[in-house]
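Student: Residue numbers for the sequence shown, in my numbering: 4 to 136.
C-beta atoms are modelled at their ideal positions from N, C-alpha and C, and glycine is treated no differently.
Note that the structure is a prediction, hence the values are computed from the model and not measured.
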Amino acid sequence: MKISEEASRYLARLKDSVERIIPELPEGVEGRVYHHGHSVCVDLKGGSLGVFTLVLGSEAPELHYDNRYRDFRTVPEGLDETIEFAQDAFHEISRFILQRGPVIEHKSRILRRPYFPIPRINGPDWHLTKIRR
């Protein structure tokens, strides 16, 4: 499916804006921004943990951990809202990377599905569930 010119411009502006945030990451956390299909992806890595990937460009950005866990959040429509969301997510994930040891997997109470939580400052915690393959 071909991407529209308007969507292409939006993704280019989003990528440029996110690339300006990456240098603000704390020492010990590395970031990489790239296009993947119809999305802008940001890989965050640090310490002994795997790679966290934030997938932006839709109204429900996703957070993946090591291609094994994922969660998503809905954000209001608009470039500014998406950038603000990304900035908050980078801060929260960076804090998690720098303060945590290994990822500890929990099981949900009812369905017993594996997940691990990442605390958020504003809003509900990230609740990354294991991807079933």
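Do the region 83 to 102 and the region 41 to 61 make contact, defined as three or more Cβ pairs closer than 8 angstroms?
Tutor: Taking 8 angstroms as the limit for Cβ pairs, the verdict is that the region 41 to 61 does touch the region 83 to 102.
Student: Taking residue 41 as part of the alpha helix (DSSP H), name the residues at either end of that continuous run.
Tutor: Here residue 41 is taken as the residue at index 38 of the sequence shown, counted from 1. Per DSSP, residue 41 belongs to no alpha helix (DSSP H) and is neither H nor E.
Student: Closest by CA to residue 70, which one among 78, 80, 61 and 56?
Tutor: By 1-based counting over the sequence shown, the position of residue 70 is 67. Among 78, 80, 61 and 56, the Cα nearest to that of residue 70 belongs to 56.
Student: Enumerated in chain order, which unbroken segments of the alpha helix (DSSP H) with a length of 4 residues or greater are wholly contained in the region 52 to 136?
Tutor: Listed in chain order, the complete alpha helix (DSSP H) runs (minimum 4 residues) inside the region 52 to 136 are 82 to 102.
Student: Can you give the beta carbon distance from residue 67 to residue 73, rounded, assuming they're within the 8 angstroms contact cut?
Tutor: Translated into positions along the sequence shown, residue 67 becomes position 64. Translated into positions along the sequence shown, residue 73 becomes position 70. That belief holds up - the Cβ atoms of residue 67 and residue 73 are roughly 5 angstroms apart, short of 8 angstroms.
Student: Taking its Cβ as the centre, do 16 or more other Cβ atoms sit within 10 Å of residue 6, making it buried, or is it exposed?
Tutor: The residue you call residue 6 lines up with position 3 of the sequence shown. Residue 6 comes out exposed.
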